[in-house]
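Under the working numbering, the residues of the sequence shown are numbered 2 to 392, in order. First the structure, in the form of structure tokens, and then the observations on it.
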Amino acid sequence: MEKMNIGMVGAGFMAKAHSIAYAGMPMFFWPAPAIPVKKIIADVNETLAKEAKEKFAFETYTTNWQDIVNDPNIDVVDICTPNNTHAEIAIAAAKAGKHILCEKPLSLTPSEAKDMYIAARDNKVTTMVAFNYRRTPAVQLAKKYIDEGALGDILDFRGTYLQDWSADPSSPLSWRFQKDICGSGALGDIGTHVVDMLRFLVGDFARVNARTATYIKDRPIQNAGIDSLGNVKADNTTPRKPVDVDDQCIFMIECKNGAFGSIEATRNAWGRNNYITFEIHGTKGSVYFNYERRDELQVCFADDKSDRRGFRTVYTGPNHPYGDGLWPIPALGIGYTETKIVETYDFFKAIAESGETSPNFRDGYAIELISDAILTSARTRSWVEVPEIEE
Ligand code: SOE
């Protein structure tokens, strides 16, 4: 069976998630489209890189990502670094003929995303952006129902991504709160996950109308290092710096197919953990999904008899998307890891079959255009058209 040599850039939270996925993918999906081989991991912090080599079972490590891109034995470059580094690494990797898995969001700006998309297209490499939540089997089941026409014409939808890990003002000013590193706050970090899911489920966005807010105006400085996601609080002697990104983003959406909806994203919602939800209404039925109950999809079909019509729970398992590879009993428990394993499977399958998968860099570019329109709308307090992709 073909092997695929991986070079990973970044040794933090996403490096762990992706490393587990490389190890687990062949155990769930056999015969695997290829066997991932964890060759090199890079991090600017040598201590982190050295530790990650051991912890995530790579053959070697480096502090220089160019060693990975320039290594002729590397097939795939996996970008697990903060958003401001994605473009330089991805464009160099594409020009070196490497297939690329890049963490979300794709880039800081639509211009960077366009350059990344064109570099990948012109060098004929397969790409994926790690919007993993769409690969939850229950989300794929919703897509199956929609594509089969079981919900009829889609009328409206609403999505949320609510967390509370940065609701405490003593949560540090990590890279996720510095515009020159992250691009935007809740919108880019978590709102784009819901944008990806609802583009996938309902269709392309035509125009948006948004509001953003920054509730916590300054935070304790965090000097580089891994983002502790609010689990490490700074004491009140630590100097503070202003926050220049959104804490909250709420926006309305008109889709090209006429569907109308809204999305809310904030990391300051006390009591909400990883509260990714959507509810979609069609002329023949509705679906509701809550990632915190991710084995379940709530469904209601208009042609149910009137004395028994209502939302009922479908528990995903072997008879549902990816069921041939995942656990053999419904509701045995899909986890975050399984969504990353499915992501890796689809990415490697696309490479092996020299096909395309999604979300790829073209989708990532489209999402950057949507994010930019959202921020413009919030600034101008008006509806803003989402530009077409410039091929
Ligand atoms: C922080 O909000 C975060 O780690 C996001 O960056 C991830 O994309 C999401 O999957 C979990 O929360």
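Heads up, the beta-carbon is just placed ideally off N, CA and C, and yes, glycines get one too.
In the DSSP annotation of this structure, the continuous segment of the beta strand (DSSP E) that includes GLN299 starts and ends at 297 to 302. For the pair of segments examined, the segment 6 to 22 was found to touch the segment 47 to 56: the number of CB pairs separated by less than 8 Å reaches three. With respect to the C-alpha of ALA235, the residue from LYS180, GLN249, LEU298, SER167 having the closest C-alpha is SER167.
The Cβ atoms of LYS105 and ALA131 sit closer than 9 Å to each other. Distance from the C-beta of TYR134 to the nearest heavy atom of the ligand SOE is below 8 Å.
Burial is judged here by how many other beta carbons sit within 10 angstroms of a residue's own beta carbon; ASP205 has fewer than 16 and is exposed.
Boundaries of the beta strand (DSSP E) harbouring THR314: 313 to 316, taken from the DSSP string. Between the ligand SOE and ILE80, a heavy atom-to-CB distance of less than 8 Å is absent. Ranked by Cα distance from TYR23, the options VAL343, VAL203, THR127, GLY160 are led by VAL343. Under a 10 Å Cβ-count criterion, TRP271 is classified as exposed, with fewer than 16 other Cβ atoms of the shown protein chains found around its own Cβ. According to the DSSP assignment, VAL196 belongs to the alpha helix (DSSP H) that extends over 193 to 202. With fewer than three CB-CB distances shorter than 8 Å, the segment 267 to 282 does not count as touching the segment 111 to 128. Within the same chain, Cβ atoms closer than 6 Å to the Cβ of PRO243 are found at ASP219, the five residues on either side in sequence being excluded.
Distances taken from the Cβ of ASN275 to the heavy atoms of the ligand SOE include one shorter than 8 Å.
In the DSSP assignment, MET117 falls within the alpha helix (DSSP H) that extends over 111 to 123.
Restricting attention to TYR276, ILE75, ILE90, the CA atom closest to the CA of THR82 is found in ILE90.
One thing to note: PHE348 has its Cβ no nearer than 9 Å to the Cβ of THR161. When the five nearest sequence neighbours on each side are left out, no beta carbon in the same chain lies closer than 6 Å to the beta carbon of PRO32. For a cut-off of 8 Å, the C-beta gap from GLN249 to ALA187 is around 6 Å, short enough to register as a contact.
Residues ASP219, ARG220, PRO221, ILE222, GLN223, ARG241, LYS242, VAL244 of the same chain have their beta carbon placed closer than 8 Å to that of LEU174, with the five preceding and five following residues left out of the count. Rounded to the nearest angstrom, the gap between the Cα atoms of ASP79 and LEU370 is 23 Å. Between the ligand SOE and LEU174, a heavy atom-to-CB distance of less than 8 Å is absent. Collapsing the DSSP output to three states places HIS87 in a helix.
For the segment 138 to 226, the full-length alpha helix (DSSP H) segments reaching 4 residues or more read 138 to 149, 180 to 183, 193 to 202 along the chain. Checking the 8 Å criterion, the Cβ of LEU230 is within range of a heavy atom belonging to the ligand SOE. As summarised for the segment 321 to 367, the continuous alpha helix (DSSP H) elements at least 4 residues long and confined to that stretch are 337 to 353, given in chain order. VAL385 has VAL209 as its beta-bridge partners, per DSSP. The three-state reading of DSSP puts MET26 in helix, counting H, G and I together. Counting only residues of its own chain and dropping the five nearest sequence neighbours on each side, LYS350 has a CB closer than 6 Å to the CB of PRO34. Under DSSP, GLN67 forms no beta bridge with any residue. Note on geometry: alpha-carbon atoms of ASP247 and ILE264 lie some 15 Å from one another. Residue side-chain check: ASP190 places its Cβ nearer than 8 Å to a non-hydrogen atom of the ligand SOE. Contact check for ILE155 against ASN85 fails: the beta carbons are separated by 9 Å or more. For TYR134 against THR381, the beta-carbon gap comes to about 30 Å, at or over 8 Å, which does not count as contact. Proximity of the beta carbon of GLN141 to the ligand SOE is not indicated: no heavy atom of the ligand is located closer than 8 Å. Taking GLU297 as reference, the option from PHE312, GLY192, ALA303, SER171 with the minimal CA-CA separation is PHE312.
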